[in-house]
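Under numbering that gives the first Met the number 0, residue 377 is the last one in the sequence shown; the count climbs by one each step, no gaps. Backbone N, C-alpha and C fix where the C-beta goes; we use that ideal spot for every residue, glycine too. Single-structure report; data block below.
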Amino acid sequence: MTDHETIRHPLVDAVHAGWVQSESRSAVIYLSEGRADLFVQAASGDVRVVLVTDELSALTEAYYQAMRDYRGAWVVRGQGGTLRDGITGAKLATIDEVLASPAIRDIDDVAVDYLRPKPTDQLEILLSASVRHRADADAVLGGFAEQATTTLQGVAPTGWGVTEPATVGWDRAELTAVARRRMPADTQFALAGTRTHPLTGTLGVRRTDRGLEEISQLFLGVGAAGSDSATSAPERVLGLLAAGEEKTMPLIALALARPGVSSQLRSPVLQAPANPLALLIGAPGVRALGLDPARMVAEFGAIAVGRPRIPALLFPLGTLDELGWPRVEAVLGAVDVDRLGALLGNGSAVLDGLRARHRLDTGLNDTGTSESGGKHGA
């Protein structure tokens with residue numbers, strides 16, 4: 000497909016130069032087979048998909064990740080016909096303005112309704128991990144996701160699927176077989192839990208010249224703030240990452256915590272800020288970057304895990320009561336982050352949460368507003 004005018008899809012409401020508009024009033028926008036197909040068709044013609052909803056709609060994490068991967072966007076039409084970017088809250092004059100990712104220089108650039116977050120009812124652990132497998136018959140995917148949910152929730156993921164709802168019963172062998180059948184194309188699976196064990200997220204698989212790269216993005220509910228399960232979560236996260244180096248051997252893994260909602264949907268409002276708990280740099284990264292484990296232990300409180308000769312490095316960062324961003328800045332100051340990103344390949348997306356989520360030098364969060372909610376002056 001070379002001409003965007005040839006796109007015909009039941010979910011397209013208007014066709015424009017370089018982008019298509021898809022309107023919905025559904026309460027939940029999920030990565031259905033139809034919406035996944037729209038992303039693929041549009042990408043084949045170098046066309047972007049702009050979802051337009053009202054303020055009552057919310058996205059599943061799988062839809063959000065697919066939207067990012069395919070350079071899509073979300074526009075929210077507020078009361079009185081106002082428009083805003085559903086992710087950043089940036090005010091928009093027209094729908095197509097969202098495609099330029101308008102900069103937020105001041106709080107006045109953000110829609111007021113975006114700054115009214117919904118109440119939270121649980122502590123949520125965010126886990127991102129990149130695992131590299133040899134491209135042989137012995138590789139079985141889903142190990143990190145299973146280990147994470149078992150450690151933090153006591154159960155394996157409930158369901159998975161190439162689209163949503165993710166209702167196929169958890170089976171790592173079958174998941175791996177589906178990924179193999181779809182190669183050399185990339186595959187992104189949606190993961191799901193239950194009401195009592197909230198889980199949402201994605202598991203992406205890509206074939207590279209270095210083997211199979213598996214990227215897990217997990218969001219796990221671990222109980223109400225102050226509960227025993229929530230209070231013990233940071234300690235269990237450290238145990239997970241330390242054990243993960245021996246069982247699944249991540250190239251890199253990052254854990255954060257934030258107040259969350261049990262629905263685990265992404266509403267068009269400011270997300271609660273996340274606090275980093277731990278960072279794991281796997282043995283291949285330690286070796287390639289020439290990191291001195293003894294120095295990392297002495298200067299940054301790292302924990303050497305895995306093989307003694309070339310260990311991985313686990314950096315405790317923050318707790319539920321202590322901000323971890325100062326330690327993040329210190330660690331990244333001692334590591335060649337760009338080189339690490341090059342080594343990770345597709346897995347470098349795991350670093351995005353560290354490089355873009357918090358800028359201590361300006362005191363700004365993702366919206367351009369300070370954590371205290373005030374304006375940032377020149």
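Over the uninterrupted alpha helix (DSSP H) stretch that includes D227, give me the two end residues.
Looking at the DSSP string, the run of the alpha helix (DSSP H) that includes D227 is D227 to T230.
Is it true that the CB of V39 sits closer than 7 Å to the CB of A72?
Taking 7 Å as the cut-off, the beta carbon of A72 is found no closer than this to the beta carbon of V39.
Could you tell me how far apart the beta carbons of V204 and L288 are, in whole angstroms, since I believe they sit closer than 8 Å?
Distance from V204 to L288 at the Cβ level is roughly 25 Å; contact not present, criterion being Cβ atoms closer than 8 Å.
State the start and end residues of the unbroken beta strand (DSSP E) segment that holds L211.
For L211, the enclosing beta strand (DSSP E) stretches over residues G210 to G220.
Pairwise C-alpha distance: H196 and G153
In this model, G153 and H196 are separated by some 9 Å (Cα to Cα).
Assigned secondary structure, V11 (DSSP; H/G/I helix, E/B strand, else coil):
In the structure shown, V11 sits in coil (DSSP, three-state: anything other than H, G, I, E or B).
Quick one: give me the first and last residue of the alpha helix (DSSP H) that W18 is part of.
Taken as a continuous stretch (DSSP letters only), W18 belongs to no alpha helix (DSSP H), being part of the beta strand (DSSP E) at W18 to E22.
Below 8 Å on the Cβ atoms is my guess for A232 versus L125; work out the distance and round it to an integer in Å.
Wrong, their Cβ atoms sit about 11 Å apart, outside the cutoff.
Could you please give the first and the last residue of the uninterrupted alpha helix (DSSP H) stretch that includes V330?
For V330, the enclosing alpha helix (DSSP H) has its first and last residue at W324 to G332.
Can you give me the C-alpha to C-alpha distance between E370 and Q270, rounded to a whole angstrom?
Its pLDDT being 38, under 50, E370 is placed unreliably in this model, and the value from its coordinates should be taken loosely. Taking the straight line joining both Cα atoms gives about 12 Å.
What separation, rounded to the nearest whole angstrom, lies between the Cα atoms of Q146 and E328?
Straight-line spacing of the CA atoms in Q146 and E328 works out to 28 Å.
A277 beta carbon less than 7 Å from that of A254:
Here A254 is near A277, since their CB atoms are less than 7 Å apart.
Taking only the alpha-carbon atoms, compute the straight-line gap between L58 and W18 and give it to the nearest angstrom.
Each residue's alpha carbon lies about 20 Å from the other.
The beta strand (DSSP E) that contains R205, what's its start and end?
Taken as a continuous stretch (DSSP letters only), the beta strand (DSSP E) holding R205 covers L198 to T207.
Please tell me whether F143 and V130 are closer than 7 Å, where the distance is taken between their beta carbons.
Yes, the pair counts as a contact, with Cβ atoms nearer than the cut-off.
At 4 residues or longer, and completely inside the region 261–291: list those alpha helix (DSSP H) runs for me, N to C.
Counting only unbroken stretches of 4 or more residues, the alpha helix (DSSP H) elements lying wholly within the region 261–291 are 282–287, in sequence order.
What is the DSSP secondary structure of I103, counted as helix, strand or coil?
If DSSP states are grouped into helix, strand and coil, I103 belongs with coil.
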